[in-house]
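Scroll down for the structure; my scribbles are underneath it.
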Amino acid sequence: MTLSKKRALTAYGFLALPLLYFVAVRFAPMLYLTVMSATNWGLFNKKIKFVGIDNFAKIFADPVFLKSFGNTAIYTLVGTPAVIVLGLVFALELDKIRKYQAGFRLIYALPYITPVVAVSWVWRWMFQQPPFGVIDALLVSLGIPAQGFLNDPREALFCVVAVNVWVELGYCVIIFLAGIQTVPPQLVEAARIDGASERKITRRIILPLLRPITLFLVVMEAIQFLRIFTQVYNMSYQAQGGPLDSTKSAALFIYEKAFTNFDMGTAAAASLVLFAVIMVVTLLQLKFFDKKMDY
Amino acid sequence: MKRALIVLAIAATFAVTTFAEDVHIVYWQYFYQSKVDTIDLLIKQFEAKNPGITVEQVTFPYESYNQKLAAAIPAGEGPELVNLYYGWLPLYVKAGYLAELPKDSFGSEYFKKTYYNFVEQSAQFDGKYYAAPTAVRTLALIWNKNLFKQAGLDPNTPPKTLEELQSYAKKLSKYDNQGNLVQAGLAMQPNGQGHCWIREVLFRQFGATPYSANNMKVTYASPEGVSAFKWYTDLIVKDKVGYPNFGTDDVTAFVAQKVAMNIDGSFRIGTLNAVKGLDWGAAELPTYKGVKGNFASYWTHGIVAGTSGKKLDASVKFLKFITSPEAQELWLKNVGELPATPALSAAHKDDPYVSVFLKGLASAHATAYVDEAGQRKILVDAVDQVSLSKKDPGDVLKDAASKEQKLIDDFWK
Amino acid sequence: MNNSKSVFAGAKTRRLVSGITAYLVLGILAVVMVFPFLWMLLSSLKDATQIASLAFLPTNPTLANYAIIFTSKHSQFGRWFMNSAVAAVWTTASVAFFDSIVGYTLAKFNFPGKRIVFLVIVSTLMIPTEMLVIPWYAMSRAFKWVNSYWGISFPGLVSAFGVFLMRQFMMTVPDDFIDAARIDGMGEFRIFATVILPLVTSALATLAIFNFIGNWNAFLWPLIVSSKPAMFTLPVGLANFSSESGSDWQLIMTGATVSMAPLIAVFLAFQKQIIKGIAMTGLKG
C-alpha cells in the first residue's frame, strides 16, 4: 500500500463515526420529515396514509400559520437591524474609552450567557401592568401613561424583540469591538494628520473595514430571530404566543401543531417551510464563508 | 459511553426485578397544590392498607399537562392512572388511549347508583365507561369582604343579579391618577372559569341556547347570545372593572386582594381558606331576569390502555380507593370540590360554602366538549378581540361560533 | 491598545467631551444590562407580602424563598442542576473530541472525496434544530430514548459549526510538526492526540465553553424529550416550576436566580476566554 493510500484510509477511519452520525441524526431525520409532511401522521391517528400536498394546502389556508410566519418576519426585520446598529454604536463608544473597557464588556456579555428561560421570566415580571410591574411604575412616576406591554397585542411582539436584543447585544458589541481593534492604527493616524474628523474616520475607514464582520453578524442574528422560540414560550400566558397570537413565532406554531395538537404531518409541512426560509438566509452565510476562506 | 449506559440500565432493571416484588403504579395529574397534597395523603393511606403496592404521583403544570400526557401514552412512557378533565375524554377514548373500566367493579349500575347523572352520561361511550371521578364542581360568586367594607358596601350582602353585579363592580374598582386600574371590581378571566360562565350561564340567562340538543351545532351566535357576550365585554371595555390577566390572573389577584369579586369554582375553597388575612365569602351566581344558571364539570381518573396483569389489578384497586366515599369526604374537606356521589353531597347542605356550590348544581349544565382546549381558546380569543382589538362583539361572536362549529365537525368527521 | 490612536487626536476639550459622553452612554447601557438581574435578586429576597410593592429594597430581606424551592417536594432544582451538568459535560466532551479530529482530518489529510465530506458536514448547518425535533422525537420514541441522558444529548454530540471552526485553526498548524512526528514513527492517532491537540488548546477551549453554555441553556429539545420531572434540565425545570408557581413571583425570581448562579460563576471564572472566544467566532468564524 502506498503512503498516500494509507493516509487516506486513516482519514476515512477518523471520519467514519462523525459522518455516520451526521447521516443518522441530520440527513435521515430530514428525509423522514419530508416524507411525513405528505402524510396525516399524528399521535391520535393509528393508521398513517398519504395525503399528498394537503398539509401544505392546509397550513397556507390557516390564518394562525400565516400570522406566526408574519410575526417571524417582523421579529427578524425589526430585531436584526436593531441589534446590529446598537451593537455597532456601543462598540464605537466603547473603543473611545481606555479605562474600564474590559469591565463594560463583561457587563454587556452577561445577558448573553445566562439561560434565556430565566431572563424571559425576569422580563415578564418587569413587564407586568400596574400595580405590579416595575417598568410601568417607572413610566407612571415620570408622568408617561402606563403601557400594556405583554398584554397588548400591538406591543407584545416588540417587548419580545426588545428582550432578545438585550440578550444578543453584548455578543455583537464584543465582536464589533474586536473588529474595530484590528483596524490598522496607521490608517487612522494618517487620516487624522490629514485633518479628517472623527465622524469621517468612522464612516470612511472603520465601517468599510467592518463590512465582513457586519455581514457575519447580520446573518447570525437573522437566524437567531427566525428561530425564536424560548422567549415567546416563556413570556406569553400559558405559553400560547398570545395575546391573540400576536407573539406566536413560526417555531412555536410548529411546536404547538406537533406537541399540543399532535398533528405531526402538518407540523412537518410547516417545518419544511421554515427550513426553506432559513436556508435562503444561511446560503448567504455560506457564500460569505467561502469569500472569507479565500484569504 | 452509550453502551455503558445500556449495561447499567439492564443491570438496574435486573436489580429492581430481583429484589423487589412490589407492584409499582404511577398516577399523573396537573399541579394544583391542594389536590396534589390530598392525593399524597390518599396514597399513604392506600399503601398502608395494601402492602406490596406502591403508588407514585407525578405532576405537571396545567398548561403542559395535556400535551405531556398525549405524548407519553402512545410512546408507552405514560403512567398507569391519569387524571383527565371530562372535556378531554372524547379525544382520548376515540384514540384508544384509555382502557374500559372493568365491568365487575365499575359497571353501568354502579355508575348510575354512585354518580350524578351528568357524570354518568359524559363518562360513558357506547355503553362503556372509561373514567371515574372523586368530585364534581360548580361555579359561585366569591367576594372579598374587606374590600367591600372599604368601598362602603355591606360585606355580607353580595350582588344577587347581574345588574347588581355590574354596579357593585364599578363601586369596587379603583384607579390611579392616570386612570390605570389598580383594584379590579370583578375579575375578567375568560381563560380561567370565565369562558364557562359565558358559555353555559350568561348565554342561557340572556335567552340563547349555546348548543343544539345533540351537541352537534353551535347556536350561541343568536341576537340573545350577542347581547350576553356584549354584556360581558362591556364590563372590560366600557365599565373598566377588570381585564384579562390583570395581576397575572384572577386567582393571583384575588389572593393578593387586588380583585374584589370573581366567578370561580368550588375547588378554590381549600386554596382561599389557606390564605392568611383573606376574609371572603361565596354566593350563588347572580341571576338575570329571575333566571338562575350554573356550570358543572369534573376531573376524573382513568386507566391507561395497555395496563395489564398485576399493575391493572393494583390500578383498579387504587381507583376504587380514591373514588370511595371516604376519599370523597377527604377531597371535600381539603380541596373543596363536591362529592361526586349525590347522597354524600347532600349531607353537607348546611355548610355555608358547600351549600352555595351544591345549590348551583340544580341549575347547572355541563358542556359536551370535543376538544376542551380548542373550544376554550376560541372564546378567550373572542373576548380579547373585543377588549384588545376593539372589534364589534356581534361580528366576533359569529366568527367564534363558526370556528367552534368547524372544530366539532372535524372531530366527528 | 488604543494609545497610538489617541496620541494624534484633535483638540483636548473635544476629546474630553466625547470621552464623557462615551462613559455616560456606556454607563446607561450597563445599567440597562444589569438592572433585570438586580431586580431579580432583590425580588427573590422579598416575601409574598412585599413582592407586589415596588419598593426597591426588600424591607425584611429573607432567604425563606431559597429554603422553599430547595425543600419543596415539587421542585427538584438539585436534580435538574445535575441533569443539566451531566448532559452539558458529556455533550461538550464529545463535541471537543469529534470536532477536533474531523477538523484536523479535513485540514491536514489529502484523500478522495474530501471536498464532498466537507460540504456534507457544512450543509447540515442549514438544517435548524427546530425542524428536526419532530423526527428526533419519533426516533426517541422508537428507540426508547425518551427521558434519558442519551435522549437529551444525542442531537448535539458532533457540531458542524465546531468542525468548521476547528478546521480553520488546524490549517494554521505548520505541516512540519506532523511530518516530524511521522518520521519519529508515531501512530496517526497519537500524533493527533499528543502533537496537534496541545497546539490548538485555545480554540478547543473556546469551542468547549460555547458548547457548554449552549447546551446548558438549551430549551426546546429537552422540553420535548423529557416528560418526567426527574429528567428535566434546569431551563425546562425552571419553566415548569415558574408555571406551577403561578403568582408566586418571589419564588419564580428565586428559581431564576438559582439557575443563573452557576453560569455567572463559570462566566466570571473564564471571562477572558469567553470574551476572546466571542470575538474569535466573529473574526475567524
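Read top to bottom, the protein sequences are chains A, B and C. With the working numbering applied, the first sequence covers 4 to 298. With the working numbering applied, the second sequence covers 7 to 419. With the working numbering applied, the third sequence covers -1 to 283. Virtual Cβ for every residue (Gly too), placed ideally from N, Cα, C.
Exercise. When you compare only the Cα positions, how much space is there between Lys71 (chain C) and Arg77 (chain C)?
Worked result: 12 Å
Exercise. Should the stretch 127 to 140 of chain C be called in touch with the stretch 204 to 221 of chain C, which here means at least 3 C-beta pairs below 8 Å?
Worked result: yes
Exercise. Quick one: does Asn1 (chain C) have its CB under 8 Å from some CB of chain B?
Worked result: Low per-residue confidence applies at Asn1 (chain C): pLDDT is 48, beneath 50, and the placement is therefore not dependable, though the value from the model is reported in the following sentence. Judged by the 8 Å Cβ criterion, Asn1 (chain C) is not in contact with chain B.
For this session: Sort out for me which residues DSSP pairs Met267 (chain B) with in a bridge.
Result: B:Trp149, B:Leu192
Exercise. Got a sec? Which residues, its chain only, sit under 6 Å from Ile51 (chain A) by beta carbon, not counting five neighbours each side?
Worked result: Thr42, Trp44
Exercise. CB-CB under 6 Å to Gly245 (chain A), same chain, minus the five flanking residues each way: which ones, in chain order?
Worked result: Ser239
For this session: Report the three-state DSSP secondary structure of Leu109 (chain A) (helix, strand or coil).
Result: helix
For this session: Assuming Tyr33 (chain B) contacts Pro85 (chain B) (C-beta within less than 8 Å), just tell me the rounded distance between them.
Result: 6 Å
For this session: Grab me the residues of Leu171 (chain B)'s own chain with a C-beta within less than 6 Å of its C-beta, minus the 5 sequence neighbours each way, in chain order.
Result: Pro165, Pro292
Problem set entry | Partner residues on chain C for Ile355 (chain A), Cβ-Cβ distance less than 9 Å | Residue 355 (chain A) falls outside the range modelled here, since chain A spans only 4 to 298, and no answer is possible.
Exercise. Does the beta carbon of Ile110 (chain A) sit closer than 8 Å to a beta carbon anywhere in chain C?
Worked result: yes
Exercise. Does any CB atom of chain A fall closer than 8 Å to the CB of Ser257 (chain C)?
Worked result: yes
Exercise. Sorted by chain position, which residues of the same chain lie with C-beta nearer than 8 Å to Ser173 (chain B)'s C-beta, five sequence neighbours on each side aside?
Worked result: Pro165
Exercise. Name the chain A residues that come within less than 7 Å of Glu69 (chain B), Cβ to Cβ?
Worked result: Gln241, Ala242
Exercise. Across which residues does DSSP place Phe301 (chain B) in a beta bridge pair?
Worked result: B:His371
Problem set entry | CA nearest to the CA of Glu152 (chain B), picked from B:Pro216, B:Leu241, B:Val232, B:Val261 | The residue you asked about is not Glu; residue 152 (chain B) is Asn in the sequence shown. That would be B:Val261, whose Cα lies nearest to the Cα of Asn152 (chain B).
For this session: With DSSP as the reference, please indicate the residues paired to Lys323 (chain B) in a beta bridge.
Result: DSSP output for Lys323 (chain B) lists no bridge partner at all.
For this session: Figure out for me which residue from C:Phe35, C:Asn215, C:Val23, C:Ile276 has the closest Cα to the Cα of Tyr174 (chain A).
Result: C:Ile276
Exercise. Can you list, in chain order, the residues of its chain whose CB lies under 6 Å from that of Val137 (chain A), leaving out five sequence neighbours each side?
Worked result: Met129
For this session: Just mark Lys355 (chain B) as buried or exposed, buried being the case when its beta carbon has 16 or more other beta carbons within 10 Å.
Result: exposed
Problem set entry | Contact set between Thr250 (chain A) and chain B, taken where Cβ atoms lie within less than 7 Å | Neighbours of Thr250 (chain A) on chain B: none; closest Cβ ~13 Å, over 7 Å.
Exercise. Using DSSP with H/G/I as helix, E/B as strand and the rest coil, what is Leu394 (chain B)?
Worked result: coil
Exercise. Is the CB of Asn238 (chain C) under 8 Å away from at least one CB in chain B?
Worked result: yes
Problem set entry | Contact check, Arg143 (chain B) vs Ser233 (chain B), beta carbons under 8 Å | no
Exercise. Exposed or buried, Gln127 (chain B), counting other C-beta atoms within 10 Å across all chains shown (16 or more means buried)?
Worked result: exposed
Exercise. Who pairs with Val61 (chain B) in a beta bridge, going by DSSP?
Worked result: B:Ile31
For this session: Under 9 Å between beta-carbons, which chain A residues line up against Val188 (chain B)? List them in chain order, please.
Result: Pro133, Pro134
For this session: State buried or exposed for Ala21 (chain B), treating a residue as buried only when at least 16 other CB atoms are found within 10 Å of its CB.
Result: Low per-residue confidence applies at Ala21 (chain B): pLDDT is 45, beneath 50, and the placement is therefore not dependable, though the value from the model is reported in the following sentence. Exposed, by the Cβ-count rule.
For this session: Just the C-alpha distance for Pro110 (chain C) and Ser121 (chain C), rounded to the nearest angstrom, thanks.
Result: 19 Å
Problem set entry | Own chain, CB closer than 7 Å to Tyr264 (chain A), minus 5 neighbours either side, in chain order | Here residue 264 (chain A) is Asn; the residue named in the question, Tyr, does not match the sequence. Around Asn264 (chain A): no qualifying Cβ.
For this session: Could I get the ranges of all uninterrupted beta strand (DSSP E) runs contained in the stretch 73 to 154 of chain B, with 3 residues as the minimum, in chain order?
Result: 87 to 91, 137 to 139, 145 to 150
Exercise. How big is the Cα-Cα spacing for Gly55 (chain A) and Leu229 (chain A)?
Worked result: 27 Å
For this session: Determine the DSSP secondary structure at Leu187 (chain B), reduced to helix, strand or coil.
Result: strand
Exercise. So does the stretch 92 to 109 of chain C actually touch the stretch 157 to 167 of chain C, counting three or more Cβ pairs closer than 8 Å?
Worked result: yes
Exercise. Name the DSSP beta bridge partners of Lys180 (chain B), please?
Worked result: B:Gln189
Exercise. Where does the unbroken beta strand (DSSP E) through Trp134 (chain C) begin, and where does it stop?
Worked result: From DSSP, Trp134 (chain C) is part of no beta strand (DSSP E) but of the alpha helix (DSSP H) over 127 to 140.
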